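As given, the protein sequences belong to chains X and C, one line each in that order. Take the first sequence: its position 225, counted from the start at 1, is 225 in UniProt numbering, and no numbers get skipped. Take the second sequence: its position 53, counted from the start at 1, is 53 in UniProt numbering, and no numbers get skipped. The beta carbon of each residue, even a glycine, is placed where N, CA and C say it ideally should be. It should be emphasised that the depicted structure is a prediction, and the values quoted were computed from it without experimental measurement.
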Amino acid sequence: MPFLELEKLTKSFGGHNAVDGLTLGVEKGEFVALLGPSGCGKTTTLQMIAGFVEPTSGAIRLGGKDLLAMKPAKRGLGIVFQSYALFPHMTVAENVGFGLEMQGVTAAERRTRVAETLELVGLGTFASRFPRQMSGGQQQRVALARALVIRPQVLLLDEPLSNLDAKLREGMQIELRQIQRTVGTTTILVTHDQAEAMALSDRIVVMNQGKAEQIGPPHEAYERPATAFVANFLGKTNLVDGASVRPERISFAAAGLAGTVRTRIFQGNHWLYQVDTASGLVTVIRQNTGEAMPGEGDAVHLLWEGRA
Amino acid sequence: MKAAPYLLCLPALVLFAGVVIVPLGMTVLLSFHDWGQYKGIEPVFILKNWQEVLGDSYFHEMFARTFRIAFFVTLLAAVFGAPEAYILNRMRSPWRGLFLLVILGPLLISVVARTLGWALLFGGNSGLVNKALMGMGLISAPLPFMFTETGIVVALAHVLMPYMVLAVWASLQRLDPQVENAAVALGAGPFTVLRRIVLPQVMPGILSGAVIVFALAASAFATPAIIGGRRLKVASTLAYDEFLNTLNWPLGAAVAVLLLAALIAIIWGTNRLVERRYAQVFA
Ligand SMILES: Nc1ncnc2c1ncn2[C@@H]1O[C@H](COP(=O)(O)OP(=O)(O)OP(=O)(O)O)[C@@H](O)[C@H]1O
Ligand SMILES: [Mg+2]
Chain X
1 MPFLELEKLT KSFGGHNAVD GLTLGVEKGE FVALLGPSGC GKTTTLQMIA GFVEPTSGAI
61 RLGGKDLLAM KPAKRGLGIV FQSYALFPHM TVAENVGFGL EMQGVTAAER RTRVAETLEL
121 VGLGTFASRF PRQMSGGQQQ RVALARALVI RPQVLLLDEP LSNLDAKLRE GMQIELRQIQ
181 RTVGTTTILV THDQAEAMAL SDRIVVMNQG KAEQIGPPHE AYERPATAFV ANFLGKTNLV
241 DGASVRPERI SFAAAGLAGT VRTRIFQGNH WLYQVDTASG LVTVIRQNTG EAMPGEGDAV
301 HLLWEGRA
Chain C
1 MKAAPYLLCL PALVLFAGVV IVPLGMTVLL SFHDWGQYKG IEPVFILKNW QEVLGDSYFH
61 EMFARTFRIA FFVTLLAAVF GAPEAYILNR MRSPWRGLFL LVILGPLLIS VVARTLGWAL
121 LFGGNSGLVN KALMGMGLIS APLPFMFTET GIVVALAHVL MPYMVLAVWA SLQRLDPQVE
181 NAAVALGAGP FTVLRRIVLP QVMPGILSGA VIVFALAASA FATPAIIGGR RLKVASTLAY
241 DEFLNTLNWP LGAAVAVLLL AALIAIIWGT NRLVERRYAQ VFA
């Protein structure tokens, strides 16, 4: 039996189903990402688990116990809110220490654990600042520290890295993954960034209009998308003669689908091609290995595995 | 082009100067004039009125009473108004509008009518409340209400409560409900959330409501005039008496100016305090 179970979870707002019959089992220690476009019901799902939105129907169980019967204050979940929801009148240290205080942790232990966690998110020197005096990304890391410090049995992260620059985000992703691996916290991450979802999670749930379109390991969803929506949402894809082909699986060859290079864009570690063919416009991604590559206007042949 | 904003401000400035600055300046000047029973007002520059106001223990007592009343009115308004605003803010749609109207209702009724109502309820032996309480045998003598400071405080607190409720309500509406949720998720109970999360965030609202209520209570006229009568004078009723009964305008002016100066000092001081305390928290 999964550790955290959502069963036919539904939430409707005035007749419109924001979450529509979502069933999901999360194993203990698993890292699951809810991935989907804006407004597909990710936050609503998380808020139902947290207890701040009441489901219209369905059940949520944690460790076999009915979570909906439990007060939100007793659920012991670590939550990073999409809007951070920091306490504006408290310093960073007070914010992070609040949960420990509620647990009755002594002041001395609180201090060390707060300092450790702030160090972990790279905010060691910001302890006495107020949230208003920090950038969006720094506030987001305070929110993350506040959720991590209480060592919750389940972490709910609502776009916890959306406001960080690429480099910091990568660092925090590695950090998150490491924490999750070492501590073994069951984690649900909400994101609309497919790269982030695939990089971090054991399984992804691709959501669309309140429904789960596909649930599975990232590479499986990427390689064998269950629906056209999933294929499109998880990176670029070509529809050639009714079959879906990832652009990086197509190579230039001596024979194959004939075409002409319309545009060629250099993107550092790879080249991005748009090729005109009889089956329509095809996107091709080739690694930059330093070899000479076809230029714009060149006639090429495209080949990929499984091409009829 | 640069002159346009100033030109646009001009009418309001002229009006402000005409109805506020000029009369105020004239009142200040008046407070330095002389007055005699038979000679009337003499436009000279003397400090007699100010010496009297600042030196006479009668005036000390009267000003002390004025600010004591204002202080307790503010306290009552905060203690009752802040929870009232909180409850109002948590109500659902049809009820919220209804109760907002109930709370603001007093503002729509003339202060005089309302205060007279209080006088009818509590005044002497014939007051309804006293009659009822005595009828039930709960008290043997009528509760003193008319011509007491307590009476003035209670009536003023009722009159001024809406200002506190509105000020606190405005700051409650700026709160992010997710912030309270965040505290709940970390294990805080309802009372802890209220005390540690909500109250500190609405403190600026309570303080600004307090400044308004304090200023209005210290300069209130109708309520102390009706309930305090001529026995229990406050600054504004005294100034009124000096102007219209004794006809000692210069002395009345000195009282009025002193009240104004004291209020400005108190409000400015509170503001400074609030700003220093909350500047970094609520930019
Ligand atoms: N309180 C509410 N009342 C009415 N409709 C709501 C409410 N909260 C959410 N919705 C609707 O439910 C749907 C799902 O919202 P939700 O916030 O879960 O989306 P999301 O997947 O988190 O999107 P985003 O990526 O933009 O954060 C949206 O269509 C939204 O308009
Ligand atoms: Mg969301």
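Residues with their Cβ less than 7 Å from any non-hydrogen atom of ligand 2, running along the chain, are Lys42/X, Thr43/X, Gln82/X, Asp158/X, Glu159/X and Val190/X.
Boundaries for Gly41/X: no beta strand (DSSP E) harbours it, and the DSSP string shows neither H nor E there. Around the beta carbon of Lys28/X, fewer than 16 other beta carbons sit within 10 angstroms, so the residue counts as exposed. When DSSP assignments are scanned along the region 96-160 of chain X, the uninterrupted stretches of beta strand (DSSP E) that are 3 or more residues long and fall wholly within it turn out to be 154-158.
Set against 8 Å, the gap from the CB of Ser38/X to the closest heavy atom of ligand 1 is smaller. At the C-beta level, Val44/C and Asp34/C come within 9 Å of one another. Note that the region 21-39 of chain C does not touch the region 270-278 of chain X; fewer than 3 beta-carbon pairs, one per stretch, sit closer than 8 Å. The beta carbons of Thr66/C and Val234/C sit about 4 Å from each other, so the pair counts as a contact at 8 Å. Cβ contact annotation for Leu15/C (same chain, cutoff 7 Å, sequence separation greater than five): none. In the structure shown, Ser201/X falls within a coil segment according to DSSP collapsed to helix, strand and coil. Under DSSP, the beta-bridge partners assigned to Lys65/X are Leu62/X. Annotation for Ala215/C: Leu263 and Ile267 place their beta carbon closer than 7 Å to its own, counting only its chain and skipping 5 residues before and after.
The region 246-253 of chain X makes contact with the region 292-303 of chain X, as at least three CB pairs between them are under 8 Å. In this structure, Leu148/X and Gly78/X form a Cβ contact; the two beta carbons are roughly 6 Å apart against a cut-off of 8 Å.
Between Val193/C and Val184/C, the C-beta gap is smaller than 9 Å, which places the two residues in contact. Rounded to the nearest whole angstrom, the C-alpha separation of Ile188/X and Glu5/X is 12 Å.
With a cut-off of 8 Å, the C-beta of Phe266/X is classified as distant from ligand 1, since no heavy atom of the ligand falls inside that distance.
In the three-state reduction of the DSSP assignment, Gln201/C falls in the helix class, which pools H, G and I.
When the Cα atoms are used, Gly151/C and Val257/C turn out to be separated by approximately 26 Å. For Gly187/C, the C-beta contacts it makes with chain X under 7 Å involve Ala73, Gly99, Met102 and Gln103, in order along the chain.
Residue nearest to Ala239/C within the set Ile41/C, Lys2/C, Phe59/C and Ala170/C is Phe59/C (criterion: CA-CA distance).
Listed along chain C are Ala185, each with a C-beta nearer than 8 Å to that of Leu77/X. Among the CB atoms of chain X, none fall inside 9 Å of the CB of Arg90/C. Checking the DSSP bridge columns, you'll see Lys11/X partnered with Val19/X.
Judged by beta-carbon spacing, Thr56/X lies within the 9 Å limit of Thr10/X, meaning their Cβ atoms are closer than that value.
Here the alpha carbons of Gln180/X and Glu170/X stand approximately 15 Å from one another. When DSSP assignments are scanned along the region 53-92 of chain C, no uninterrupted stretch of beta strand (DSSP E) that is 3 or more residues long falls wholly within it.
Proximity of Ser83/X to chain C, defined by a Cβ-Cβ separation below 9 Å, is satisfied. In the displayed model, Glu180/C falls within a helix according to three-state DSSP.
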